[in-house]
Each structure stands twice: as structure tokens, then as C-alpha cells.
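The block underneath contains the structure these notes are about, expressed in C-alpha cells.
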Amino acid sequence: AQKVTQAQTEISVVEKEDVTLDCVYETRDTTYYLFWYKQPPSGELVFLIRRNSFDEQNEISGRYSWNFQKSTSSFNFTITASQVVDSAVYFCALSEAGYSTLTFGKGTMLLVSP
Amino acid sequence: DVKVTQSSRYLVKRTGEKVFLECVQDMDHENMFWYRQDPGLGLRLIYFSYDVKMKEKGDIPEGYSVSREKKERFSLILESASTNQTSMYLCASRPPDRGPANEKLFFGSGTQLSVL
Chain V
1399 AQKVTQAQTE
1409 ISVVEKEDVT
1419 LDCVYETRDT
1429 TYYLFWYKQP
1439 PSGELVFLIR
1449 RNSFDEQNEI
1459 SGRYSWNFQK
1469 STSSFNFTIT
1479 ASQVVDSAVY
1489 FCALSEAGYS
1499 TLTFGKGTML
1509 LVSP
Chain E
160 DVKVTQSSRY
170 LVKRTGEKVF
180 LECVQDMDHE
190 NMFWYRQDPG
200 LGLRLIYFSY
210 DVKMKEKGDI
220 PEGYSVSREK
230 KERFSLILES
240 ASTNQTSMYL
250 CASRPPDRGP
260 ANEKLFFGSG
270 TQLSVL
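So the protein sequences, as listed, match chains V and E.
In terms of the numbering used here, the first sequence opens at residue 1399 and continues consecutively.
In terms of the numbering used here, the second sequence opens at residue 160 and continues consecutively.
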């Protein structure tokens, strides 16, 4: 069975601090997909990134970066120089090949104060 | 711009009522999903559908049913609402499984349902 663990329930930082959101996953498949979603106060989940299990290259998009390590089954998300607009709940999710559904972690609420 | 629309943002119902939550997508997606979101529990899959008139149970289908009569519309039904069904309900859609598998989900803004 697949499982996603986000151990950090809530993180509070001050603007311009760097912050890392942890995600650990479990799966028996060799082919799988990992996702991060952002849920701002408006409620709609917004897709941030998808990673397949064969691509372990880290990715950077502006202030966002992702560190995928199969050896530790982790897919961590770092926000550099955080801003108030980054305040949201962030979800990590996993999908195994051949299945159309995503399994979500419980989410990490990030609060960035000015 | 792609859109998943949920008919109500907030809904208040009484215990025992039959409740319909509606979701419409304009992207011609085959796959549609209903999740509920609760504090500390994250998103849990209730039902999903990969085609018209097709439905599959998710992780927590008890107390719910669904209807998919048209491709663009996926309805979640609470046959007899109970207080433990007070939650945020999120609808999502996704293209079919061809090409790059498991394309991203597109979500609606959610319906906050309170059952009194």
C-alpha cells in the first residue's frame, strides 16, 4: 500500500527565511509519481510539481526547489527567501503507475509572517 | 483557462437530509474525483469516476454515493447527512491515462459542508 508522511503539521517563519517542507513516501512499485500541491486560503489546490521515479534530478523554479532522494524515499520542498504570499497548506502526494488516484499526505501549514 | 466548478462554497444542512454536491469541469476530462479534507487528516478519496456512468470507491466511500450521467458533471450524494460528514469537500478532474501517465489534478475551490 502506498503512504505519504508529512511529519511537520505547522511551520512558522519570518519573511525572507528559507524553509524546507519534508515528505517521506512508501510504495512497493518501482514506477511512481510524486507531486506537491499548494492550498492557499482561497481553498483551491494548485499544482506545483510532478516527478517520476526515474528522474532524480533536483529541480529549481524561482524560489522553489525540490530534492528527490530515492535512497531515503523523500521528496522535500524548499522555499528560499519566503514571502507572506507563501503562507498556505502544502500537500505532498504519490501515485503509483497504473493507478489513476493520488494518495495525499496530511499537509503542512506554512505561516510566513512579515 | 481550465476550470473545475463546485456549485456551493458553503452549505449548511440538517442531520438526515439528502445532500447533493455538484461539480462541473470544462476540460473534457474523463477522470473525476471527490475528496474530503479534514484538519489533521489531509485529503481522503471518497469516490472517483473514469468515464460516464462509471464509478469506483475510494478509501472512505461509506455514507456517500456518486452520479456521473454526463462527462462534465460528477455529483457527490450524502444519502442521509450526519454530523461526522461535516467537512471540506474537494472535486478534481484529470485527463485520461495516456501519454505521460498521471497528469496533474485540477481542483475546484471546495465546498465547506456543515451538518447540524
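Heads up, the beta-carbon is just placed ideally off N, CA and C, and yes, glycines get one too.
Computed from a prediction, not measured in an experiment: that's the story for all the values here.
* DSSP-derived helix/strand/coil call for E:K229 -> Along the second sequence, read from residue 1 onward, the residue named residue 229 of chain E stands at position 70. Secondary structure at E:K229: strand, using DSSP grouped into helix, strand and coil.
* What whole-angstrom Cβ distance do V:V1510 and V:E1413 have, given they're in contact under 8 Å? -> Within the first sequence, numbered from 1, the residue matching residue 1510 of chain V stands at position 112. Within the first sequence, numbered from 1, the residue matching residue 1413 of chain V stands at position 15. About 6 Å separates the two Cβ atoms, so the contact holds.
* Alpha carbon of E:K177 to alpha carbon of E:V274, nearest angstrom -> If you number the second sequence from 1, residue 177 of chain E lands on position 18. If you number the second sequence from 1, residue 274 of chain E lands on position 115. Approximately 11 Å between the Cα atoms of the pair.
* Starting from the beta carbon of E:L170, find every residue of chain V whose beta carbon is closer than 8 Å, and list them in chain order. => Within the second sequence, the letter at position 11 stands for residue 170 of chain E. Within 8 Å Cβ-Cβ: nothing; E:L170 doesn't reach chain V, min ~14 Å.
* beta strand (DSSP E) containing V:V1411: first to last residue? -> Mapped onto the first sequence, residue 1411 of chain V falls at position 13. V:V1411 -> beta strand (DSSP E) spans E1408 to V1412.
* Spatially closest choice to E:Y206 from E:I236, E:L170 and E:S167, by CA coordinates -> On the second sequence, position 47 is the one that residue 206 of chain E refers to. Ranking the options by Cα distance to E:Y206, first place goes to E:I236.
* To do: Using a Cβ-Cβ cut-off of less than 7 Å, give me the residues of the region 1478-1506 of chain V that come near chain E, in sequence order.
  => Within the region 1478-1506 of chain V, the residues whose Cβ lies closer than 7 Å to some Cβ of chain E are F1489, S1493, A1495, S1498, T1499, L1500, F1502, G1503, K1504 and G1505, listed in chain order.
* Asked: Does DSSP classify V:N1465 as helix, strand or coil?
  -> Within the first sequence, residue 1465 of chain V is the residue found at index 67, counting from 1. Looking at V:N1465 - three-state DSSP - the assignment turns out to be strand.
* Per DSSP, what kind of secondary structure is V:V1482 in: helix, strand or coil? -> The count along the first sequence starts at 1 and reaches residue 1482 of chain V at position 84. Three-state DSSP puts V:V1482 in a helix.
* Find the residues of chain E that neighbour V:G1460, judging by a C-beta separation of less than 9 Å, and give them in chain order. => Taking the first residue of the first sequence as 1, we reach residue 1460 of chain V at position 62. Simply none; closest approach about 18 Å.
* For V:L1419 and chain C, any beta-carbon pair shorter than 8 Å? -> Of the protein chains in the structure, V and E, none is chain C.
* **Nearest-angstrom Cα separation, counted from E:S246 out to E:L130** => Since the first and last residues shown for chain E are 160 and 275, residue 130 of chain E lies out of range.
* To do: Please report how far the alpha carbon of E:Y223 lies from the alpha carbon of V:T1501, in whole angstroms.
  => Against the second sequence, residue 223 of chain E aligns to sequence position 64. Against the first sequence, residue 1501 of chain V aligns to sequence position 103. Roughly 19 Å separates the two Cα atoms.
* Could you work out which residues of chain V lie near E:F266, taking near to mean beta carbons separated by less than 7 Å? => Along the second sequence, one-based indexing puts residue 266 of chain E at 107. Under the 7 Å cutoff, chain V gives E1442 and L1443.
* Do we get a CB-CB distance below 8 Å when we pair E:F207 with the residues of chain V? -> Residue 207 of chain E sits at position 48 when you count from the first residue of the second sequence. Interface residue (Cβ-Cβ distance to chain V less than 8 Å): E:F207 is classified as such.
* To do: Starting from E:Y194, trace the beta strand (DSSP E) both ways and give me its first and last residue.
  => Taking the first residue of the second sequence as 1, we reach residue 194 of chain E at position 35. E:Y194: member of the beta strand (DSSP E) spanning N190 to D197, first to last residue.
* Asked: Could you give the C-beta distance for E:L202 and E:L249, rounded to a whole number, given that I count them as a contact under 8 Å?
  -> Mapped onto the second sequence, residue 202 of chain E falls at position 43. Mapped onto the second sequence, residue 249 of chain E falls at position 90. About 7 Å separates the two Cβ atoms, so the contact holds.
* Using the Cα positions of E:E228 and E:V211, report the straight-line distance between them to the nearest angstrom. => For this step, residue 228 of chain E is matched to residue 69 along the second sequence. For this step, residue 211 of chain E is matched to residue 52 along the second sequence. Each residue's Cα considered, the two are about 6 Å apart.
* Simplified DSSP assignment, three categories, for E:Q244 -> In the second sequence, the residue the question calls residue 244 of chain E occupies position 85. DSSP, reduced to helix, strand and coil, places E:Q244 within a helical segment of the structure shown.
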